[in-house]
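Heads up, the thing below is written out as structure tokens.
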Amino acid sequence: MNSTIIKFITSFIIIIILVSCASSSENTAKKEIIANKLLSERERKRLAQENLIDGNILMAKAEYNQALKKFETALLYDTSAGIYFSLAKAYLYNNKLNSALQYANKAIELDSTIADFYILLSDIYNFGKQKKSAVEVLETASLKFPDYHQLIYKLAILLEEDRPLSAIELYEKLLKMIGSDWGILARISDLHRRLGNIKEEIIALERLYKIDPSNKSIIKSLIDLYLIEKRNSQAITMIDELLELNPEDISSRQRKIEFYLNEKNWDKVNQEIELVINSGILDFQSKMDLGYFFFEKSFTDSSALPISKMIFTKLDADTSYWQIKLVLGAIAINEREYEKAIEYFKYVTENANWNVDSWIRLGALHFDNKKYYEAEKIMLEAAELFPNEYYVNFILGLSLAQLGKNDSAAIYLKKSVNLNPKDVNTISAYAYTLNLLKEQDSAIIYLERALILSPDDVNVLGTLAMIYNEKGIYEKSDSLYEKALSISPDDAIINNNFAYSLSTRGLQLERALKMVNISLEKDSLSSAFLDTKGWILYKLERYEEAKYYVEKAIEVGSPSAVITDHLGDIEFKLGNKERALELWRKAFEIDPTKTEIQQKINKGEI
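To convert, note that position 327 of the sequence shown is 425 in our numbering; the numbers rise steadily by one, no gaps.
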């Protein structure tokens with residue numbers, strides 16, 4: 099062999115080695131393909147199967163990326179439908195939806211007889227938020243595999259939101275195929291509840307009850323539905339079953355007594371209370387809780403008060419526990435037996451004056467139910483005992499404000515702000531009270547602070563806008579009203595106040611009229627809203643209509659100086675000057691500080 103040939107061969111080998119080293123990773127797949135061609139069919143199937151098994155093991159371990167590589171290797175040795183299916187699943191779990199879709203379709207193309215292939219394709223569409231396509235795949239597949247349970251179940255789930263009746267039909271079909279199933283019945287029950295099909299929901303729950311007769315949530319749901327459907331005897335039977343399962347179930351005790359209360363069956367009410375108090379079924383605290391339940395209920399249903407009184411009176415006969423006296427005192431106030439109330443409260447202050455929670459709870463209950471005098475009385479006593487307790491000062495301040503005692507209210511609300519400086523409601527209440535006391539600059543400071551804490555609080559925005567309007571700073575006022583409306587466009591108070599502000603300046607009157615109409619839709623008997631509409635109509639020179647609304651405002655509310663003055667102006671414009679003078683004089687009597695009214699009286703005209 100001559101040197102030239104030897105040199106050529108050597109160079110060729112070097113080039114092969116260099117190319118091989120430089121692109122060894124790129125050629126791995128090619129080498130495997132070349133090697134694959136040299137393998138027997140049996141060996142290729144074996145290697146494909148090994149990689150497929152390894153990939154499925156990795157999928158079970160949630161190592162989806164590694165599993166994908168195994169399936170890709172398996173595909174080099176075999177291109178069966180099963181491998182395409184596994185690849186599609188791995189791509190789905192790796193969030194590569196386009197590839198998943200491609201391989202799922204390929205699997206079905208190679209073998210359209212396997213239902214799981216269609217389910218996977220539907221899952222891919224659904225994961226990609228193509229619900230319509232997901233449903234179409236399963237509906238097509240359901241014609242090919244009408245008895246495949248998983249496929250029907252998957253389709254029913256997809257149809258729940260948009261086609262609930264079709265979903266129910268499929269679930270019922272499944273139940274005929276497989277018998278009673280808890281999960282399916284629960285879904286049927288939920289769908290009927292969403293559709294408002296109470297009778298059908300009851301049937302589904304009753305089927306669930308047969309499967310699990312000790313399931314408390316099912317029993318409670320059935321009780322609620324039986325009561326709605328006036329199937330009272332069945333409801334009571336179910337309540338008794340709950341109490342049989344758990345005699346100490348206080349909520350069921352409440353339901354049973356409530357039921358007899360609604361039926362006005364006082365004999366049964368007394369019987370149940372006697373049972374609860376005397377039988378030892380419930381411990382002392384549970385009995386107390388039962389009494390509290392009916393005490394709180396009495397604020398919206400006065401017929402519950404005697405039950406609460408009965409429970410606490412019976413408990414009081416057996417113990418001198420101070421909390422019982424506290425509630426009996428509150429009941430005595432409700433019944434206007436003030437001497438009894440004083441006696442009970444005196445006992446509490448002498449025996450448990452340290453328990454602030456009870457004072458707060460009692461005061462808050464009265465305030466929430468607009469019993470401001472009682473709340474003031476209770477919280478004044480509490481304030482002496484707990485001068486630095488936030489809730490005591492806050493509830494007391496609010497109660498005084500509601501009673502028009504603004505000077506006193508401001509003292510306690512200011513203290514509340516100092517105790518809880520980041521509570522927007524507290525700051526707002528104090529600022530509003532300051533405004534009523536004509537301390538507008540101070541009110542603004544506090545409301546601006548509240549806006550920093552809660553920039554989108556509509557009540558704060560409205561109150562601040564109102565104060566700026568009163569000060570004549572209209573640019574700021576209008577800006578705040580506009581922001582409030584952008585947040586809550588249907589807010590009745592904001593619409594009314596902004597409309598009135600615009601009307602007093604003769605601006606945007608048609609818009610103002612639309613705004614006050616929104617307010618009146620919310621409360622057609624609001625004296626303030628009616629007066630605003632009347633005043634806007636006055637500004638639009640629609641005097642007869644204006645008179646109607648302002649007279650109605652006086653009819654449904656108190657004859658304030660402002661509204662009476664408005665009616666005087668309207669009568670003047672209608673040519674009724676004597677009537678106008680009479681109304682102006684009346685308005686000035688109500689509020690002698692309004693010098694502008696006195697000027698009209700002196701001149702005899704606007």
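Cβ atoms here follow ideal geometry from the backbone N, Cα and C, with glycine treated the same way.
- The three-state secondary structure of W682, taken from DSSP, is helix.
- The continuous alpha helix (DSSP H) containing I652 extends over residues 641-654.
- Annotated as proximal: Y470 and L501, with beta-carbon spacing under 7 Å.
- The Cβ neighbour count for L605, taken over all protein chains shown within 10 Å, is under 16; the residue is labelled exposed.
- With contacts defined by Cβ atoms closer than 7 Å, A232 and Y246 do not form a contacting pair.
- Counting along the chain, A186 sits inside the alpha helix (DSSP H) bounded by residues 179-191.
- Every alpha helix (DSSP H) stretch that sits fully inside the stretch 540-571 and reaches 4 residues is listed by chain position as 556-568.
- Distance from L249 to Y216 at the Cβ level is roughly 7 Å; contact confirmed, criterion being Cβ atoms closer than 8 Å.
- Each of R261, R305, E267, E299 was checked against the Cα of D279, and the nearest Cα belongs to R305.
- The C-alpha of I661 is placed about 26 Å away from the C-alpha of L578.
- Between the beta-carbon of L303 and that of S287 there is about 5 Å, and that keeps the pair under the 8 Å contact cut.
- For T171, same chain residues with a beta-carbon under 6 Å away, outside a window of 5 residues either side, are N149 in chain order.
- Measuring C-alpha to C-alpha distances from L635 to each of I652, S624, V614 identifies V614 as the nearest.
- At a Cβ-Cβ threshold of 7 Å, Y647 and G632 count as neighbours.
- If one requires a minimum length of 4 residues, the alpha helix (DSSP H) runs lying completely within the stretch 407-478 are 420-432, 436-449, 454-466, in chain order.
- Collapsing the DSSP output to three states places P587 in coil.
- C-alpha of M408 to C-alpha of Q369: approximately 12 Å in a straight line.
- A Cβ-Cβ separation of about 7 Å places L562 in contact with L549 under the 8 Å criterion.
- The shortest CA-to-CA distance from S506 to any of N516, V515, G495 is the one to G495.
- With contacts defined by Cβ atoms closer than 7 Å, I337 and S350 form a contacting pair.
- Three or more beta-carbon pairs drawn from the stretch 411-421 and the stretch 373-388 are found closer than 8 Å, and the two stretches are therefore classed as touching.
- Counting along the chain, the unbroken alpha helix (DSSP H) around S315 starts and ends at 314-326.
- The C-beta of L289 has 16 or more other C-beta atoms within 10 Å across all chains shown, which makes the residue buried.
- Residue burial annotation: N594 is buried, with at least 16 other C-beta atoms found within 10 angstroms of its C-beta.
- Here T691 carries a coil assignment [DSSP, helix/strand/coil].
- The shortest C-alpha to C-alpha distance from D576 to any of K675, K444, K297, R603 is the one to R603.
- Here DSSP, grouped into helix, strand and coil, assigns D387 to helix.
- With fewer than 16 other beta carbons inside 10 angstroms of its own, A158 counts as exposed.
- The DSSP-derived three-state label of N595 is helix.
- No Cβ-Cβ contact shorter than 7 Å links P262 with L283.
- Put simply, the stretch 238-245 touches the stretch 197-217. At least three CB pairs are less than 8 Å apart.
- Per DSSP, the continuous alpha helix (DSSP H) segment holding I301 begins and ends at 296-309.
- Apart from the 5 residues on each side of it in sequence, I276 sits with its Cβ closer than 7 Å to the Cβ of H247 in its chain, given in chain order.
- DSSP places N363 outside any alpha helix (DSSP H), giving it a letter other than H or E.
- A buried status is given to N491, since no fewer than 16 other beta-carbon atoms sit within 10 Å of its beta-carbon.
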